[in-house]
Every structure is written in structure tokens, then in C-alpha cells.
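Heads up: the structure comes next, in C-alpha cells.
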Amino acid sequence: MREETGQEQGLDLEPPVRMEEEKEVMEEREVKERVVEIEHPLPCLTESDTQGIIKGRDLFGYVGIEAVLDQMRRKTMKAGFEFNIMVVGQSGLGKSTLVNTLFKSKVSRKSCTPNYEEKISKTVQLQSVSHIIEEKGVKMKLTVVDTPGFGDQINNENCWEPIVKYVNEQYEKYLKEELNVNRKRRIPDTRVHCCVYFLPATGHWLRPIDVEFMRRLGKIVSIVPVIAKADTLTLEERLEFKQRIRQDLQANGIRVYPQNEYDEDTEDRILNDKIRENIPFAVVGTDKEHQVNGNKVLGRKTKWGIIEVENVAHCEFAHLRDLLIRSHLQDLKDVTHNIHYETYRVKRLNESNANGQALSPLNRENGTLEKSDAESHL
Amino acid sequence: MTQDKQYVGFATLPNQVHRKSVKKGFDFTLMVAGESGLGKSTLVNSLFLTDLYKDRKLLNAEERINQTVEITKHTVDIEEKGVKLKLTIVDTPGFGDAVNNNECWKPITDYIDQQFEQYFRDESGLNRKNILDNRVHCCLYFIPPFGHGLRPVDVEFMKALHEKVNIIPLISKADCLTPNEVKKLKDRVRDEIERFGIKVYQFPECDSDEEEEFKQMDKELKECTPFAVIGSNAVVEARGQRVRGRLYPWGIVEVENQSHCDFVKLRNMLIRSHMHDLKDVTCDVHYENYRAQCIQEMTSKLAQDNRTDSPLPILPLPTPDGETERLIKMKDEELKRMQEMLEKMQQQMHEKDQ
């Protein structure tokens with residue numbers, strides 16, 4: 008099973024079509040550090056409260072701590088963001104179209120390969136394409152990893168293995184870099200932050216291949232399941248289907264993003280509960296525009312009407328976009344870094360200690376690490 | 006007056022046949038195959054305006070992991086304007102649903118062969134009055150609209166079955182495709198069917214003396230395959246009428262609206278114009294193929310076993326009781342005697358000619 012990760016098109020690409028947005032792209036949640044809460048910058052004399060945090064009103068004067076936020080913002084904006092998204096699903100479910108629609112630019116493999124043919128490949132191959140997109144001064148290096156050939160054969164046993172291998176290899180790369188004696192200031196992050204899994208809109212239950220895939224990958228990466236080509240389901244069918252999928256996920260112990268054990272406080276929990284009640288999102292994607300009531304909207308035109316992609320009464324594309332980009336993008340990266348990557352790291356370090364092979368930087372012989380073949384243990 | 010003298014009267018034969026058939030009634034066995042969730046049951050309900058699947062329970066993913074392909078039969082008697090139709094729907098739950106679908110069509114080919122074998126035995130048997138014809142007359146194969154054409158499992162299934170049953174491929178759930186996409190997909194599927202050498206059911210050619218209108222309709226029908234269909238179990242209100250359809254926030258899909266999908270064409274073709282032809286092709290082509298193959302295998306086996314040739318095929322029947330065995334032996338000898346007589350006569354004629 009060959010892997011093609013070499014389609015990175017360099018950082019010198021001109022940015023594809025700029026997006027025109029009415030709302031902010033990213034909220035100001037880049038900073039997850041606990042900053043001292045400042046309620047009023049008014050001087051006031053009181054004791055510190057029971058938690059040991061000195062509230063703003065307790066300070067004698069305006070210190071200016073909140074300016075740190077601005078400094079961080081400026082720095083991160085200069086440095087730019089990285090986001091790696093993987094799309095998995097059978098051929099023809101609209102993966103490339105959806106990614107293009109999400110980022111409003113032609114970022115998918117379909118639009119970038121010169122001789123793209125819609126053929127079913129015999130083995131699962133992973134192909135990644137990178138772009139830099141920019142909006143309002145914020146640069147993002149977006150990498151889309153596609154998995155053509157997944158689930159398309161007659162015998163699909165173990166078709167998830169190349170994907171598991173790829174995800175673990177990215178973790179391994181990051182780990183090696185982290186353990187290096189002379190490591191880079193910014194470790195290039197190729198880890199998969201989010202895996203969007205496309206379910207065909209059958210209306211019944213999850214299929215065995217869906218269960219097998221999500222069970223294995225839910226442990227190592229954040230999975231966001233979506234119902235693809237949902238314009239074939241009426242609203243009642245959609246609700247029933249979603250309910251059944253949620254039941255199936257629970258029955259099989261599959262954890263999809265946002266996982267409830269990672270909610271940090273009640274505010275998060277409320278927000279994420281609302282999302283959890285609605286997954287998987289039923290989406291429709293397109294790159295064509297039509298005129299509706301004098302406006303140009305993204306939609307699919309059929310003989311019985313126009314399906315507006317961004318109309319929440321029609322499909323849930325807007326919810327998915329909000330989740331992935333506008334509200335939870337940083338959270339996805341954090342969960343990947345703090346939870347999935349740490350799990351991998353602990354596992355690897357324990358293995359290497361058990362094997363007697365030195366991995367930790369404290370007792371290393373030479374500058375290279377040995378590769379482990381324990382990656383497909385999952 | 007001279008016309009009356011020359012009129013013999015056998016022009017009424019079609020009417021006589023018609024009357025007899027109406028009395029006897031028709032039977033038709035239809036098989037539906039395809040993955041779960043492609044709308045097979047809904048389409049069958051829409052075609053025959055019944056609800057055959059009221060008590061169906063959908064399996065959840067856990068139960069499905071261990072499921073194998075099953076064959077289920079539903080029989081329903083439909084009567085319309087005095088004509089009775091005994092309709093049997095053969096369903097194939099579990100097809101293509103597993104992770105490993107190698108040879109998932111084998112239970113289906115086995116079933117079709119079994120029906121042929123049973124008919125073969127009945128036909129060669131002694132009491133042929135009430136032969137039950139359970140042979141599958143037509144197989145509707147559902148292609149998912151989600152892909153870019155035929156998938157490997159589609160190709161393998163159709164190639165395994167195209168010489169045993171009339172296959173009619175359909176594009177299911179066509180309401181998720183725009184008109185352009187439908188056309189592209191149809192062209193693609195037609196190309197691939199030709200490329201892989203799959204013999205789907207061909208509409209018979211029109212007689213040259215048919216009306217122009219009929220010929221035009223026939224041509225349109227042929228250019229429309231594979232049909233892109235939508236089915237519905239519900240009746241909705243559209244344009245002031247109650248129609249079978251699906252209600253979406255962005256519009257209403259009408260199942261019987263020809264500009265929305267090809268459901269009407271499929272129904273007309275399947276029931277109103279080609280039902281009889283489907284049965285004929287099953288009897289004349291597929292069944293005869295099976296029979297010839299079967300006899301060939303048996304005679305080659307007999308030759309190997311060095312037994313005398315018998316005009317009656319000796320089938321691997323369950324051991325019959327003594328009475329029927331005796332009868333069979335008697336008939337066997339009679340036939341042998343008749344054959345010898347025939348040969349003698351042929352020889353005599355041959356000598357006479359010379």
C-alpha cells in the first residue's frame with residue numbers, strides 16, 4: 008500500500024480565492040492560558056478571594072495585563088496557523104466538494120491534480136495537498152489528506168490500516184522532533200487534527216465498515232462524522248437516522264468529537280452538549296451558485312427546487328462549518344495535541360522502556376531514534 | 006357474402022387466449038438486489054401500490070456484523086379489472102453490507118439455480134398438471150447514486166447473474182442528483198456495462214409495422230436506461246393534488262412526474278408492456294441455458310459411469326418409493342423400444358432414398 012505524502016505544494020503558492028466573510032473567521036480563543044481575570048480596571052482595596060486569584064477590582068491600579076492578549080494575537084497572526092484535516096469515505100460521497108465548499112477555495116485533491124480521473128483505485132492510498140489561505144491578515148496552512156480507495160472494494164477488510172498507520176506516523180514524526188537535542192522552535196505539525204468521516208445517507212443504521220473504522224480511529228484522532236449527500240433524506244428521515252446513528256455509536260463505545268470527558272467547564276459542556284445532540288451533521292456540498300430571490304447562493308438546482316447549502320433549514324452545512332472553523336478549530340488542535348498525542352507519546356515511551364530501547368532524551372546514545380513497529384497495534 | 010364464406014374464424018383465437026388467461030391469472034416473480042438503504046422496499050411498494058414490508062425490523066450495526074446474505078420471499082395477490090396477478094417479490098437482505106463482500110452474490114445465484122432445478126424436475130416428472138413456476142423472471146439491481154459509476158461489487162454481481170436472469174439496472178435515490186449529474190451517471194453506467202460485457206435485459210426490437218408513436222416511445226425508453234428512480238411510501242399534496250412524493254424543505258419530489266424521475270417509465274415497462282416478454286426470455290433463454298448445461302453435465306457423467314444412454318435424464322432425485330420406481334422402469338423400457346423402432350424406420354427410409 009503506497010503512500011503519497013509528497014504533494015505538498017510549497018509555501019510559495021499564491022493563495023486561492025479569498026473568502027469574503029461577514030463574521031470573524033476565528034474567535035479570540037487562541038490563548039488558552041489562564042489569564043488573571045480582570046473585571047474592572049478600577050482600583051479597589053479588598054482581600055483576595057478564596058481561590059488565591061487576585062481579581063481586577065482588587066488591584067491598586069491598572070496593570071495592563073490584558074495587553075498580553077494583544078501581543079499574543081499579533082505574534083500568532085504573524086506566525087500563521089496550521090490545520091490538517093483528513094476526509095475518509097467511499098468514492099463519490101462528495102468529500103472533495105465539501106472541503107472546497109468549507110474553505111471556499113479549490114483546496115481538494117480533485118481541483119489540484121492535473122489529470123484527475125474519477126476512478127476507483129485498487130488499494131487505499133493517502134494523498135495530501137497543502138495550501139495557504141488568507142483572510143483578514145490571518146494566514147492558515149491548510150493540509151487536506153484524502154483517502155481514495157477506502158471502502159470501495161468488494162473485500163474491504165483492513166482497509167483502515169493504511170489510515171491508522173498514517174496517523175501514527177505523523178505522531179511519531181512529531182515525537183522524534185520533540186525528543187531531538189536540537190529541536191526546531193516551531194515543530195512542523197503534520198498531525199491529523201480532525202478526521203471527517205462520510206456516512207452514506209442510507210437512512211437505516213451504521214454499516215459494519217463504519218463501526219470498524221470509527222472504533223479504531225476514534226481512539227487516536229478526533230472523528231467528526233457527517234451524513235453525506237443528505238439531500239436524499241426528508242427531515243423526519245434525517246432525524247430518525249441521526250438518532251439511530253447516535254444509538255449505534257453509544258452501543259459500540261465509539262467516541263466522536265466533541266468527547267464529553269474533555270469538557271473543561273460548564274460553559275464548554277453546554278456548548279458541546281448542543282453539538283452532541285446534533286451530530287452527525289447532514290451536509291450537502293456544492294461549488295455552483297444560483298440566483299435565489301435576487302441573491303447569489305451556493306446551491307444545487309433540481310427540477311423540484313434549489314437546495315441552498317448555507318440555509319440551515321435545508322441542510323446542516325453551516326453548523327459543520329461553524330464547528331470546524333469558526334468555533335472549534337483551535338479546540339480540535341488542542342485536543343489532538345494534549346490528548347491524542349500525549350496518549351501516543353506515553354504509549355511509545357512505555358514501550359521503549361519495556362523493550363530496553365532508549366527513547367527518552369535522558370539516556371540516548373546517538374542522535375537517531377530507532378523506529379518501532381508497534382504502530383499497528385490498534 | 007363471399008367474405009362470410011371465406012371467413013374461417015380463427016381470428017378469434019387471441020380473444021380465446023385472453024379469456025383463458027384472465028381466468029387462470031398470471032404470476033410474476035421479481036427479485037430486488039442491492040445494498041441496504043437504497044430504497045428497494047420503498048420502490049416495490051410504489052410500483053405495486055401496496056405495503057409489503059409493514060412488519061420489517063431493521064437490524065442495527067451489531068446484528069449486521071454477523072449477518073449473511075438471506076433470501077426472503079413475499080407473495081401478494083393483486084387483482085385489477087378482473088385480472089389476477091400473483092406477485093412474488095424475492096428480497097436479498099444483507100447483500101453488499103459486510104466489510105468483506107467476497108462472493109456475496111453466491112446465495113443469490115444458488116437460489117436462482119435452485120428454482121430452475123426444481124422446475125426442471127417438475128417438467129421432467131410424471132404429473133405436470135400443476136407445476137409451480139417459481140423461476141425468477143426479472144432482477145432489479147439498485148446502483149447507488151453516490152458513486153461515479155459502477156463499483157467492483159456491482160460489476161461482479163451483474164456478471165455472475167446476467168446469464169441466469171433478466172437484469173434491469175436502476176439508479177436508486179435519484180433525488181440527490183441534479184439533471185446533469187443523472188445524465189452523466191447514466192452515460193457512465195451504460196459505457197461500463199458495455200465495457201465489461203454485461204448482458205442486461207434488452208428491450209425487444211419494435212416490429213416494423215408498429216405505429217410511429219409506439220416506435221418513438223420505444224426509442225425513448227431505450228435511450229433512458231438505466232432508469233433513475235425515486236420511490237415513496239407517502240402521499241403529499243402538490244399543485245393542488247394528492248400525489249405520491251417526498252416532501253423536502255426545498256420542494257416536493259413527485260414520484261410519478263416524468264420530469265422528476267423515470268419511475269413511470271420503469272413501471273410501464275415492467276408491468277404494462279414488457280412483463281410477458283420478461284417471462285418469455287426467462288423461459289426461452291435463461292431456463293433453456295440452464296437445462297442444456299444441466300443435461301450436458303449429466304450425460305458426461307453418465308458416459309463416465311459407462312451406463313446406457315437413456316432419453317430420460319436420470320436426476321439425483323430423493324429415493325422414490327417402489328411403486329414409482331417400477332413405473333419409471335416400465336416407461337424407460339417402453340421409450341427404449343420406441344427409440345429402436347424409430348431408428349429402424351429411419352434406416353429403412355434412408356435405404357429407400359438411396
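Residue numbers (my numbering), protein chains in the order written: chain A, 8 to 385; chain B, 6 to 359.
Each residue gets a CB set at the ideal place from its N, CA and C atoms; glycine is no exception.
A quick note: this is a predicted structure, and the numbers were derived from the prediction, not measured.
Here DSSP, grouped into helix, strand and coil, assigns SER334/A to helix. For ILE172/B, no alpha helix (DSSP H) segment is defined; the enclosing uninterrupted segment is the beta strand (DSSP E) at 172-176. The secondary-structure analysis by DSSP pairs PHE88/A across a beta bridge with MET147/A. In its chain, beyond the 5 residues on either side, VAL290, GLY292 have a beta carbon closer than 7 Å to the beta carbon of LEU105/A.
Per DSSP, reduced to three states, the secondary structure at ASN105/B is strand.
Closest in alpha carbon position to GLY144/A, among MET84/A, PHE157/A, ASP196/A, is MET84/A. Linking GLN298/B to HIS291/B through their CA atoms gives a straight-line distance of about 11 Å. If you draw a straight line from the Cα of VAL22/B to the Cα of LEU48/B, it comes to about 32 Å. If you look at GLU141/A, you'll find it in the beta strand (DSSP E) that goes 133-142. Contact residues of the region 187-203 of chain A toward chain B are absent (C-beta to C-beta distance below 9 Å). Close to CYS288/B, with beta-carbon spacing below 8 Å, lies no residue of chain A; the smallest spacing is near 32 Å. The DSSP-derived three-state label of GLN246/B is strand.
Annotation for ALA361/A: no beta strand (DSSP E) segment contains it, though the alpha helix (DSSP H) segment containing it runs 348-362. Of the other Cβ atoms in all chains shown, fewer than 16 fall within 10 Å of the Cβ of GLN263/B; this residue is therefore exposed. For the 8 Å CB-CB criterion, TYR204/A and GLY96/A form a contact. Listed along chain A, the residues sitting closer than 7 Å to THR183/B by beta-carbon distance are ARG307, LYS308, THR309. If you check each beta-carbon in the region 95-110 of chain A against every beta-carbon of chain B, the ones closer than 9 Å belong to GLN97, SER98, GLY99, LEU100, GLY101. Neighbours of LEU252/B in chain A, taken as residues at a C-beta separation under 7 Å, are given in chain order as THR241. Here TYR173/A is actually not in contact with LEU109/A; their C-beta atoms are around 21 Å apart, not less than 8 Å. Residue PHE324/A holds the alpha-carbon nearest to the alpha-carbon of GLY101/A among PHE324/A, LYS354/A, ASP329/A, TYR181/A.
Inter-residue distance for VAL233/A and PHE125/B is about 51 Å (C-alpha atoms, whole angstroms).
SER177/B and ASP267/B have their C-alpha atoms roughly 10 Å apart.
Beyond the five residues adjoining it in sequence on each side, ALA208/A comes within less than 6 Å, by CB distance, of ILE234, LYS236, ALA237, THR239, LEU240 in the same chain, given in chain order. Boundaries cannot be given for ASP138/B, as no alpha helix (DSSP H) includes it and DSSP labels it neither H nor E. When DSSP assignments are scanned along the region 179-211 of chain B, the uninterrupted stretches of alpha helix (DSSP H) that are 4 or more residues long and fall wholly within it turn out to be 184-200. A Cβ-Cβ separation of about 16 Å leaves THR114/B out of contact with PRO98/B under the 8 Å criterion. Chain order gives the chain B residues near ASN162/A as ASN105, ASN106, ASN107, where near means a beta carbon separation below 7 Å. For a Cβ distance threshold of 7 Å, residue set ILE161 of chain A lies close to GLU161/B, ordered along the chain. The three-state reading of DSSP puts PHE125/B in helix, counting H, G and I together. Sequence-distant Cβ neighbours of ARG190/A in its own chain, meaning closer than 8 Å and more than five residues away, are GLU184. Here the region 265-273 of chain A makes no contact with the region 216-223 of chain B; the two share fewer than three CB pairs at distances below 8 Å. DSSP lists LYS303/A as the bridge partner or partners of GLN298/A. One alpha carbon belongs to PRO254/B, the other to MET221/A, and they sit about 31 Å apart.
A straight line joining the alpha-carbon of ASP138/B with that of LYS91/B spans about 11 Å.
DSSP lists no beta-bridge partner residue for PRO98/B. The three-state secondary structure of LYS164/B, taken from DSSP, is helix.
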